[in-house]
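J.:
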Amino acid sequence: MLNFKTAASAALIAVLSASPTLAADDDLTALRTEVEKMRQAYEQRINQLEAKLNQLEGNQAQVGATANTPPATSRRRIADNRFNPSIGMILNGQFSQYSQGESEIAGFAVSHEGERGEEGFGIGHSEISLSANVDDKFFASSTVAIVEHEGTTETELEEAYIQTLPGAGLPIGMSVKAGRAFWTLGYLNEHHSHADDFADRPLPYRVFMNHAYNDDGLQVSYLLPTDIYAEIGGGVYRGDDFPYGGNNGSGTGAWSAYARIGGDVGDNQSWRAGAYVLSGEAETSRLSNEDSVGFTGDSDLQIIDLRYIWAPTGNARDREVIVQAEYFQREEDGVYTVFDELSGDVLATSTVNGKSDDGWYLQSVYKFAPQWRVGARYSQLMSDATPAPLVGTGLDAQGHDPEVLSLMVDWTNSEFSRLRLQFNREDLSGGETDDQAVLQYVMSIGAHGAHKY
Amino acid sequence: MRKIFTTIVAGLLFAVPFTAMAQVNILACEPEWAALAEEIGGPKISAFSATHARQDPHHIRARPSLIAKARRADLIICSGAGLEVGWLPILLQKSGPQVQPNALGHVTASHYVPLLDTGAGVDRSMGDVHPEGNPHIHLNPHHILPIAAQITDRLAQLDSANADYYQNRYQDFAQRWQQALAQWEAKAAPLKGTQVVVHHKSFSYLIDWLQLRAIASLEPKPGIPPTSSHLESLLQQLKATPAKLILRTPYEPEAASLWLSSKTNIPALVLPYTIGGVAEAGDLFALYDATLALLLENANVE
Chain A
3 MLNFKTAASA ALIAVLSASP TLAADDDLTA LRTEVEKMRQ AYEQRINQLE
53 AKLNQLEGNQ AQVGATANTP PATSRRRIAD NRFNPSIGMI LNGQFSQYSQ
103 GESEIAGFAV SHEGERGEEG FGIGHSEISL SANVDDKFFA SSTVAIVEHE
153 GTTETELEEA YIQTLPGAGL PIGMSVKAGR AFWTLGYLNE HHSHADDFAD
203 RPLPYRVFMN HAYNDDGLQV SYLLPTDIYA EIGGGVYRGD DFPYGGNNGS
253 GTGAWSAYAR IGGDVGDNQS WRAGAYVLSG EAETSRLSNE DSVGFTGDSD
303 LQIIDLRYIW APTGNARDRE VIVQAEYFQR EEDGVYTVFD ELSGDVLATS
353 TVNGKSDDGW YLQSVYKFAP QWRVGARYSQ LMSDATPAPL VGTGLDAQGH
403 DPEVLSLMVD WTNSEFSRLR LQFNREDLSG GETDDQAVLQ YVMSIGAHGA
453 HKY
Chain B
517 MRKIFTTIVA GLLFAVPFTA MAQVNILACE PEWAALAEEI GGPKISAFSA
567 THARQDPHHI RARPSLIAKA RRADLIICSG AGLEVGWLPI LLQKSGPQVQ
617 PNALGHVTAS HYVPLLDTGA GVDRSMGDVH PEGNPHIHLN PHHILPIAAQ
667 ITDRLAQLDS ANADYYQNRY QDFAQRWQQA LAQWEAKAAP LKGTQVVVHH
717 KSFSYLIDWL QLRAIASLEP KPGIPPTSSH LESLLQQLKA TPAKLILRTP
767 YEPEAASLWL SSKTNIPALV LPYTIGGVAE AGDLFALYDA TLALLLENAN
817 VE
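Listed in order, the protein sequences are those of chains A and B. Read left to right, the first sequence gives residues 3 to 455 (the numbering used here). Read left to right, the second sequence gives residues 517 to 818 (the numbering used here).
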């Protein structure tokens, strides 16, 4: 303020004294007096303004102390953009090396997001998300993923949903979500893959859910008013996303239900466990394995999950141990058809009744320094006996249970950037072990939502 | 398996307890606000702190237990200014409209005090900065009363039958606090101008109040853990302009402090930061008593 005053006076004097007329001494004195007067008036005015400012500053704390709403000056906002949604982008890239040219999960129908990623450099999955409160009753969010698939860039609408806000008038603890979303099902399904602790999803997610289940539909959740955390929910869906497909548009093709409980053990440990059911029908045909396998019929999935977190020093920023496990059981009644990849001719057809396949994984991640974590994961699938007509086709498990062991180390510079190195040893079809190395980055710019448990 | 599942769901549905609303249920994001609520509410409230002194309040998991607590809370008290941005929204998602931000049952403490470090424009290359300002507001004791007044006001509205009770307790607390404040300021006068090194900006308000001078920070940028090159440059800096103390909170890792202390012979000091940070800091009065005692004892000032 003082500098400004001096500079302003100096500028005034400079402008006036630089006048080309060579004034007489009298004129000069008069001029000086005039400038001095102006300067004094100016200073007085500034002092008044300063006093007023101080007074206002003093008042502000008091005003704030009596009103429930924050003072308008506490947030930096640009009026025109005030209602713009939060915008965030996730950039994800990787470099992968595999020891085997081909990767097939024997005995299972696998769709393309469940397949092994592409070798070499690749930007696996970049996401752009927009979200905002619509009004006092609804929240809306959408996430578009840009993915490379076999040489073409595809956009996928991963999520586009609306959700009721706590002020929507529903009972406390109840919320309704509608549209397309990563539905609450097991642990990983409702999380975007950039938040995962490993570069790829474990086998049961790849095989039973084609990475994740994000059908179109509606889900209701209700948090019970109990001391212990307990939540129940369920939903109805179109039945178009894997493990379903080809919904002919009549009614709903699938439904789900779940229950979760959780709590703390002492000050530094917490846990959550859940049980989930997803049941539905692939009405016309669910295509998988590069469109060479079709399935029509009922597919039911039952999942249990457990997550446990321990912060040995109390401060999770510093050190943390996370243990996570999920068990999947799938039962299918329907007709499997195997086609010739080139001609499309039917090679084999088999009616299955109560075909029961299982899968599970167990993983643990240890943060040993604020920016460093190591992790290990084992995942396995257990296939039911291969029906006679399918022996010799891609759906023939040959008595082998696919398994993968993964080890990873990652470095998290800030909440917004992470670099990861991961090794996988995949034994998916018996006999051929595929050793994989993946170097990955995950970065986030813009708005970054709070993390779920 | 289907049967087990159905049983669990049915069991949960009927397990809903019907407890009488005997006390006002308060969920405080940090221990200092739980302690302040107890000063005003006494036995008429039940306050639970989502975090404890050994946890970094920036980095808390939205644990299931906290979601359940928020769902049942009548009043939520948090620091705000971005401190809880990584976890509080998840808790609020499943809680009632009466405890949402700007509702009667939600006190954002930083709205009622002047904030330090308010950045006009920030960029994430500057580290984990809060554009709203520094959120560690409770370490200036002048901030406690406006926030206490706010809590009193909310309690009086939420539990109007006991409005006078809360007002009386506030009057009593305010009087004791003013007295303690005068004593603390007299006692702390010699600390004025003391040069200190901090780990993070956790003590900015304490430093501002006591007119200490923070000359360096162990973190190269806010939220970025200390690096060896940064510590090496601090070592050089401290050789030229020595500090009296290296300060950290109970939740900040000790390694960097201890290393710098061993190289410079400047004492590395853990200040309680919040309730329970040291054994003596059992309430807000004791928090300041213990903090000043530790500073005076170790700063080597007359």
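The beta carbon of each residue, even a glycine, is placed where N, CA and C say it ideally should be. In this text the structure is predicted, and so the values were computed from the model without any measurement.
So, with DSSP's three-state summary, where would you put A:A259?
T.: As a first step, residue 259 of chain A is located in the first sequence; it is residue number 257 there, counting from the start. Three-state DSSP puts A:A259 in a strand.
J.: By alpha-carbon positions, which one of B:V645, B:Q694 and B:D590 ends up nearest to B:L661?
T.: Start at 1 with the first residue of the second sequence, and residue 661 of chain B comes out as number 145. When only C-alpha atoms are compared, the closest one is B:Q694.
J.: Can you look up A:D199 in the DSSP assignment and give me helix, strand or coil?
T.: Within the first sequence, the letter at position 197 stands for residue 199 of chain A. Three-state DSSP puts A:D199 in coil, outside helix and strand.
J.: By the three-class DSSP mapping on this structure, what secondary structure does A:Q373 have?
T.: Taking the first sequence and counting its residues from 1, the one referred to as residue 373 of chain A is at position 371. In the structure shown, A:Q373 sits in coil (DSSP, three-state: anything other than H, G, I, E or B).
J.: State buried or exposed for B:P741, treating a residue as buried only when at least 16 other CB atoms are found within 10 Å of its CB.
T.: Here residue 741 of chain B is taken as the residue at index 225 of the second sequence, counted from 1. Buried.
J.: Looking only at its chain, what residues have a beta carbon closer than 7 Å to the beta carbon of A:L190, apart from the 5 residues adjacent to it on each side?
T.: As a working mapping, residue 190 of chain A is identified with position 188 in the first sequence. Hits under 7 Å: D198, R203 and Y207.
J.: So which residues of chain B does A:G169 contact, with C-beta pairs closer than 8 Å?
T.: Counting from 1 along the first sequence, the entry for residue 169 of chain A is found at position 167. Per Cβ cutoff of 8 Å: P613 and Q616.
J.: Using the beta-carbon count (16 or more within 10 Å), is A:V393 buried or exposed?
T.: Taking the first sequence and counting its residues from 1, the one referred to as residue 393 of chain A is at position 391. It counts as exposed.
J.: Nearest by alpha-carbon distance to A:V146: which of A:T154, A:K139, A:S133 and A:D138 is it?
T.: As a working mapping, residue 146 of chain A is identified with position 144 in the first sequence. Looking at the Cα atoms, A:S133 is the closest of the given residues.
J.: Among A:G235, A:E283, A:S381 and A:L30, whose alpha-carbon lies nearest the alpha-carbon of A:F200?
T.: As a working note, residue 200 of chain A is residue 198 in the first sequence. Checking every option, the nearest Cα to that of A:F200 belongs to A:S381.
J.: Can the beta-carbon of A:S272 be found closer than 8 Å to that of A:D266?
T.: Looking up residue 272 of chain A in the first sequence gives position 270. Looking up residue 266 of chain A in the first sequence gives position 264. For A:S272 and A:D266, yes; Cβs fall inside 8 Å.
J.: Could you tell me the alpha carbon to alpha carbon distance between A:V337 and A:F85, rounded to whole angstroms?
T.: Residue numbering aside, residue 337 of chain A sits at position 335 when the first sequence is read from its first letter. Residue numbering aside, residue 85 of chain A sits at position 83 when the first sequence is read from its first letter. The alpha-carbon atoms of A:V337 and A:F85 are separated by roughly 51 Å.
J.: From B:Q711 to B:T757, what distance separates their C-alpha atoms?
T.: Reading the second sequence from its first residue, position 195 is the one you call residue 711 of chain B. Reading the second sequence from its first residue, position 241 is the one you call residue 757 of chain B. When rounded, the distance between both Cα atoms is 9 Å.
J.: State buried or exposed for B:A797, treating a residue as buried only when at least 16 other CB atoms are found within 10 Å of its CB.
T.: For the purposes of this step, residue 797 of chain B is taken as residue 281 along the second sequence, with counting starting at 1. It is buried - the Cβ of B:A797 has at least 16 other Cβ atoms within 10 Å.
J.: Under DSSP, the beta strand (DSSP E) around A:I89 begins and ends at which residues?
T.: On the first sequence, position 87 is the one that residue 89 of chain A refers to. Here the beta strand (DSSP E) through A:I89 covers S88 to Y100.
J.: Are there 16 or more other CB atoms within 10 angstroms of the CB of A:E121, so buried, or fewer, so exposed?
T.: Mapped onto the first sequence, residue 121 of chain A falls at position 119. Its Cβ having fewer than 16 others within 10 Å, A:E121 is exposed.
J.: If contact means a Cβ-Cβ distance below 8 Å, which residues of the region 137-159 of chain A contact chain B?
T.: So the list is empty, because no residue satisfies the distance condition.
J.: On the CB-based measure, 16 or more other CB atoms within 10 Å of its CB, does A:R420 come out buried or exposed?
T.: Here the question's residue 420 of chain A lines up with position 418 in the first sequence. When all chains shown are included, A:R420 counts as buried.
J.: Determine whether the Cβ of A:A183 lies closer than 8 Å to any Cβ atom of chain B.
T.: Counting from 1 along the first sequence, the entry for residue 183 of chain A is found at position 181. Chain B contact via Cβ: absent.
J.: By the three-class DSSP mapping on this structure, what secondary structure does A:A170 have?
T.: As a working note, residue 170 of chain A is residue 168 in the first sequence. Three-state result, A:A170: helix.
J.: Measure the C-alpha to C-alpha separation of A:Q331 and A:Q304 and round it to an integer number of angstroms.
T.: As a working note, residue 331 of chain A is residue 329 in the first sequence. As a working note, residue 304 of chain A is residue 302 in the first sequence. Cα-Cα distance, rounded: 5 Å.
J.: Quick one: what's got a C-beta closer than 8 Å to A:N70's C-beta in the same chain, skipping five residues either side?
T.: Counting from 1 along the first sequence, the entry for residue 70 of chain A is found at position 68. Any answer about A:N70 is weak, because its pLDDT of 47 lies below 50 and its placement is not dependable; what the coordinates show is given next. Nothing meets the Cβ criterion.
J.: Got a sec: is the Cβ-Cβ distance from A:L225 to anything in chain B below 8 Å?
T.: Against the first sequence, residue 225 of chain A aligns to sequence position 223. It does: the Cβ of A:L225 has a partner Cβ on chain B nearer than 8 Å.
J.: On the criterion of 16 or more Cβ atoms from any shown chain inside 10 Å, does A:G66 qualify as buried, or is it exposed?
T.: Sequence index remark: in the first sequence, residue 66 of chain A carries index 64 (1-based). Caution applies to A:G66, whose pLDDT of 41 falls short of 50 and renders its modelled position unreliable; the value that the coordinates give is listed next. Classification for A:G66: buried.
J.: Out of A:Q50, A:G255, A:E115 and A:L289, state which residue places its alpha-carbon closest to the alpha-carbon of A:D300.
T.: By one-based count along the first sequence, residue 300 of chain A stands at place 298. Nearest option by C-alpha distance: A:G255.
J.: Quick check on DSSP: helix, strand or coil for A:R130?
T.: In the first sequence, counting from the first residue as 1, residue 130 of chain A sits at position 128. The amino acid at residue 130 of chain A is misidentified as Arg; the sequence shows Ile. A:I130: strand per DSSP, three-state reduction.
J.: So within the region 263-346 of chain A, which uninterrupted beta strand (DSSP E) runs reach at least 3 residues, ignoring any that extend past its ends?
T.: Counting whole runs of 3 or more residues, the region 263-346 of chain A contains the beta strand (DSSP E) stretches 271-290, 295-312 and 322-341.
J.: Between A:L167 and the rest of its own chain, which residues show a CB-CB distance below 8 Å, the 5 nearest in sequence each way excluded?
T.: One-based indexing of the first sequence puts residue 167 of chain A at position 165. Same-chain partners within the cutoff: N135, D138, K139, F140 and F141.
J.: Which residues share a DSSP beta bridge with B:A625?
T.: Looking up residue 625 of chain B in the second sequence gives position 109. In DSSP, B:A625 forms no bridge with anything.
J.: Where does B:A784 fall in DSSP's three states?
T.: Counting from 1 along the second sequence, the entry for residue 784 of chain B is found at position 268. Correct three-state label for B:A784: strand.
J.: Thinking C-alpha only, which one of B:V629, B:W603 and B:A619 is nearest B:D590?
T.: In the second sequence, counting from the first residue as 1, residue 590 of chain B sits at position 74. Cα-wise, what sits closest to B:D590 is B:A619.
J.: Mind reading off the beta-carbon distance from A:D398 to A:M384? Whole number of angstroms is fine, and I expect it under 8 Å.
T.: Within the first sequence, numbered from 1, the residue matching residue 398 of chain A stands at position 396. Within the first sequence, numbered from 1, the residue matching residue 384 of chain A stands at position 382. Going by Cβ atoms, the distance from A:D398 to A:M384 rounds to 15 Å, so no, they are not a contact pair.
J.: Does the beta-carbon of A:T157 have 16 or more other beta-carbons within 10 angstroms, so that it is buried, or is it exposed?
T.: On the first sequence, residue 157 of chain A is found 155 positions in, with the first residue counted as 1. So A:T157 ends up on the exposed side.
J.: Along the region 85-98 of chain A, where does the CB come closer than 8 Å to a CB of chain B? Name the residues.
T.: Cβ contacts with chain B come from no residue of the region 85-98 of chain A.
J.: Quick check on DSSP: helix, strand or coil for B:Y681?
T.: In the second sequence, counting from the first residue as 1, residue 681 of chain B sits at position 165. Helix, per DSSP.
J.: Shortest alpha-carbon distance to B:I762 belongs to which of B:S718, B:A795 and B:A704?
T.: Taking the first residue of the second sequence as 1, we reach residue 762 of chain B at position 246. Out of B:S718, B:A795 and B:A704, B:S718 has the C-alpha closest to the C-alpha of B:I762.
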